[in-house]
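Residue numbers (the numbering used here): 71 to 174.
Built from N, CA and C at the ideal position, the CB exists for glycine as well.
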Amino acid sequence: MEFPAEEVERIRTICQTVPTVVDVYLDRSAIITSFAEAADSLVVNFGASADAFVQILSGEAEPIGTLPFDLPSSMAAVEASRPDVPFDTTDPLFSFGYGLRWQS
């Protein structure tokens with residue numbers, strides 16, 4: 071669930087160098103705490119096309135979506151949670167239902 075240290079360092083270095091939008095593809099919950107605050111913008115997607123991503127960033131389309139699960143703040147929080155109980159992660163980075171929606 072955690073990103074490899076080399077990838078985290080690469081992302082953080084880019085974010086320190088230029089304004090950066092980080093897009094994370096999620097096919098399951100992940101731990102993104104190690105780089106989330108470094109990004110100017112953080113977007114997660116569940117299989118959106120590159121064209122859809124550009125349309126959202128350019129304002130041509132409206133982002134609509136919420137998280138279908140919690141994003142844990144650490145591996146320790148995951149290990150302490152009960153696997154058969156939904157939303158049992160202590161202090162998630164982003165909670166179920168978190169999302170962004172422009173008001174048209």
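Starting from the C-beta of residue i, find all residues in its chain whose C-beta is less than 8 Å away, skip the five residues before and the five after it, and write them out in chain order.
i      : result
Phe123 : Asp93, Val113, Asn115
Met145 : Met71, Glu72, Ile101
Val78  : Ser104, Phe105
Arg80  : none
Suppose the cutoff is 7 Å on Cβ atoms and the five residues either side in sequence are ignored; what does the same chain contact list for residue i look like?
i      : result
Arg82  : Phe105, Ala108
Arg152 : Asp158
Gly169 : Gly135, Thr136, Leu137
Among the residues of its own chain, which have a CB less than 6 Å from the CB of residue i, if the five just before and after it don't count?
i      : result
Ile134 : Arg171
Ser165 : Asp140
Ala147 : Thr159, Thr160
For residue i and residue j, which I take to be in contact (beta-carbon distance under 8 Å), what is that distance rounded to the nearest angstrom?
i      : j      : result
Leu127 : Val91  : 6 Å
Pro89  : Asp110 : 5 Å
Thr103 : Leu163 : 5 Å
Which of helix, strand or coil does DSSP assign to residue i?
i      : result
Val114 : strand
Ile141 : As written in the sequence, residue 141 is Leu, which differs from the Ile given in the question. Strand at Leu141.
Asp93  : strand
Phe157 : coil
What residues match up with residue i in a beta bridge as DSSP calls it?
i      : result
Ile134 : Arg171
Glu72  : Ile101
Phe166 : Bridge partners of Phe166: none, in fact.
Roughly how many whole angstroms lie between the Cα atoms of residue i and residue j?
i      : j      : result
Glu132 : Ser99  : 24 Å
Val155 : Pro74  : 27 Å
Glu130 : Asp121 : 11 Å
Cys85  : Glu76  : 14 Å
Ala150 : Gly167 : 22 Å
Leu96  : Gly117 : 8 Å
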